[in-house]
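Below you'll find the structure, written out as structure tokens, and then a few comments.
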Amino acid sequence: MPWGFVVSPQAIALVLLAQTIVFGSFHYRAAVSTAFTSASDQELGHSTPGANGTGAEGPNTPAAWAVGNMLRGCTAGAERAPNAAVAAVVMVVFNRPDYLRKSIDSLKSVHARDDSFKEKFPLFISQDGTHREVRDLAMSLQPEIGYLNNIEDAPPKLAKMREQIAYYRIANHYRFIMQQMFDCRQYQKLIFVEDDMLFAPDFFNYFESTAQILEEDTSLWCVSSWNDHGQKQFVDDPLRILRSDFFPGLGWMLRRDTWDSLRDSWPAAYWDDYMREGHVRRGRQCLRPEVCRTYNFGKVGSSKGQFFERYFTPIRLNNAAVPWQDLDLSYLKYEEYDTAFNKTLAEALELHTLNELDAAHGNVKVLYKNWREYELIAGRLGMLKEWKAGVPRGAYRGTVQLSWRGGQARVIITPAPDYVDVPRKGHGVDKHGGLITGDRGRRKHSSKRDRGWG
32 MPWGFVVSPQ AIALVLLAQT IVFGSFHYRA AVSTAFTSAS DQELGHSTPG
82 ANGTGAEGPN TPAAWAVGNM LRGCTAGAER APNAAVAAVV MVVFNRPDYL
132 RKSIDSLKSV HARDDSFKEK FPLFISQDGT HREVRDLAMS LQPEIGYLNN
182 IEDAPPKLAK MREQIAYYRI ANHYRFIMQQ MFDCRQYQKL IFVEDDMLFA
232 PDFFNYFEST AQILEEDTSL WCVSSWNDHG QKQFVDDPLR ILRSDFFPGL
282 GWMLRRDTWD SLRDSWPAAY WDDYMREGHV RRGRQCLRPE VCRTYNFGKV
332 GSSKGQFFER YFTPIRLNNA AVPWQDLDLS YLKYEEYDTA FNKTLAEALE
382 LHTLNELDAA HGNVKVLYKN WREYELIAGR LGMLKEWKAG VPRGAYRGTV
432 QLSWRGGQAR VIITPAPDYV DVPRKGHGVD KHGGLITGDR GRRKHSSKRD
482 RGWG
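So for the sequence shown, the numbering used here puts the first residue at 32; every next one is plus one.
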């Protein structure tokens, strides 16, 4: 051998081991290293690229921590789901400690209403980034509430220069949570909530009662606590649950097998728009209440509080006592629900102008011939008129139902027999840094014409 010396097999092994430790440390660092990110990184809420990967357990790393990138494996200390669990509940947080404190107090209060909820609905906080005050608050809640922490290895790459990076980080965070809770901890269902929510007293009872329907009916893929048209002037019945083709989000439950079908195609950004795409939804629907079981108070966030005062502030949060355990919810299964839906639609009285609503009683229907007419009707009624992927918010088969005048009438806004799907165009980035697609662009409305919707 050159240079006149021999290297033993043991020495070679030590060199290889050292290389593994050195180079591996760039990808697998102890969770405790998050404590040493710079002050500017703490303020931003994200570590510097490569500051942390999947969290190998260190001497100061609580077992409840799960620190890592979404593409990595299971983290140290991940406990398997308890047998009695209906669903794990994960609060998604970033950099709003005041919001988190208010929201977690509400969740804990509702959670404490029944001792069985501790096993049925284990609580977790999942933090994206390293905001110190958020982390300290989350850590102070252990062991009552578990803690996950997603720290990116490098900033996401944006598809458009003016896009807001938050949309990418949020999508990455959701993927990380589902990987940790479904793939690692083996929960069968997962409920996502956010750090700007208040919770109805029957929040957990609602999800416990609908979990069985979600399990049995494969035409469903989520249960939500939210109604986009849940403003106090449009709701009346706290017992009413509807099916919707539109993914509501905002306090929602999904099954593990749904994640299995989404894992490989999970998007880099705009995860909620992705969930509303037809090729992703594949004809499946969500359950949603008429009266919301969550209330959003977070005016400040990635969406910049758009539409907040008009559409979020008036939301009615349920406070009525509902005996969920005594209710038969089998009517929500597809065949039974669709039969009842068709019967209601056929028997509803058709209105020809919105002025007729002033004297309406019982079920009445308003027909629209295209999305422009729908938006004119929704605008006149003061509804959130947005569409996504060809589906109006809250709609089932293009139909949106509202309570009217305190329940004296039920307004059914539904496609006319001669409905035409008019294409829409849009591209670029909106003023909030969101990518505009065909359903997100600004659109000119049709004339008010002869149908009385103007």
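We put the CB at the ideal spot given by N, CA and C, even for glycine. In this text, all values refer to a predicted model and were calculated from it rather than measured experimentally.
| Check | Outcome |
| --- | --- |
| Same chain, Cβ closer than 8 Å to D268, five either side skipped, listed in chain order | E321, V322, S434, G438 |
| Three-way DSSP call (helix, strand, coil) for N17 in this model | Given a span of 32 to 485 for the chain in the structure shown, any question on residue 17 remains unanswerable. |
| Local Cβ density within 10 Å of N114, reported as buried at 16 or more and exposed below that | exposed |
| Residues that T445 bridges to, as DSSP identifies them | L398 |
| Nearest to W307 (by Cα), restricted to the options A143, C253, V141 | Looking at the sequence shown, residue 307 is not Trp but Arg. The candidate whose alpha carbon is nearest that of R307 is C253. |
| Distance, F343 Cα to N327 Cα | 7 Å |
| Pair within 8 Å by beta-carbon distance, R319 and N258 | yes |
| Inter-residue spacing [alpha-carbon to alpha-carbon] between R441 and Q432 | 7 Å |
| Supposed contact pair I196 and L189 - C-beta distance, whole angstroms, cut 8 Å | 6 Å |
| Between the CA atoms of W297 and Q158 - distance to the nearest angstrom | 20 Å |
| Reduced DSSP secondary structure (H/G/I, E/B, other) of C105 | coil |
| Chain-order list of residues whose beta-carbon lies under 6 Å from that of Q217 (same chain, five-residue window excluded) | R111, A112 |
| W290 versus F235, L281, L221, residue with shortest Cα-Cα distance | L221 |
| Where R193 sits in the DSSP three-state scheme | coil |
| Closest Cα partner of T241 within the set I408, F230, R166, L285 | L285 |
| Secondary structure of S157, DSSP reduced to three states | strand |
| Opposing strand residues paired with C215 [DSSP bridges] | None, per the DSSP bridge assignment. |
| Own chain residues within Cβ distance below 8 Å of W283, not counting five before or after | I222, F223, C253, V254, S255, S256, W257, C317 |
| Contact check, P448 vs F277, beta carbons under 8 Å | no |
| Nonlocal neighbours in the same chain, by C-beta distance under 7 Å from P454, ignoring five residues either side | none |
| Within 8 Å, strictly: CB atoms of L360 and R315 | no |
| Beta carbon proximity, F207 to chain E, threshold 8 Å | The structure shown contains no chain E, having only a single protein chain. |
| As assigned by DSSP and simplified to three states, the class of Q356 | helix |
| Validate contact between the stretch 125–142 and the stretch 223–233 using beta carbons, cut 8 Å, 3 pairs | yes |
| 8 Å Cβ cutoff met for E526 and A116 | Past the boundaries of the shown model lies residue 526; the chain is included only from 32 to 485, so the question cannot be answered. |
| Close-in-space but distant-in-sequence residues of the same chain around I272 (CB under 8 Å, 5 per side omitted) | T241, L318, R319, P320, E321, L360, L363 |
| CA-to-CA distance, E246 to D129, given in whole angstroms | 36 Å |
| Of the listed residues L179, T384, F372, nearest to T430 (C-alpha basis) | F372 |
| Inter-residue Cα distance where the pair is T85 and L138 | Model confidence at T85 stands at a pLDDT of 30, short of 50, so the residue's coordinates are unreliable; what they give is reported in the following sentence. Between T85 and L138, the C-alpha separation is close to 29 Å. |
| Straight-line Cα distance separating I346 from Y450 | 31 Å |
| Inter-residue CB distance, F125 and G177 (contact presumed, cutoff 8 Å) | The Cβ separation is near 18 Å, so there is no contact. |
| With 16 other Cβ atoms within 10 Å as the buried cut-off, status of A143 | exposed |
| L251: first and last residue of the uninterrupted beta strand (DSSP E) it sits in | 251–255 |
| Cβ-Cβ separation, S275 to A379 (assumed contact under 8 Å), whole Å | So it is not a contact: roughly 19 Å between Cβ atoms. |
| Runs of beta strand (DSSP E) lying entirely within the stretch 248–294, each at least 3 residues, in chain order | 251–255, 272–275, 283–286 |
| Coil, strand or helix - L245 by DSSP | helix |
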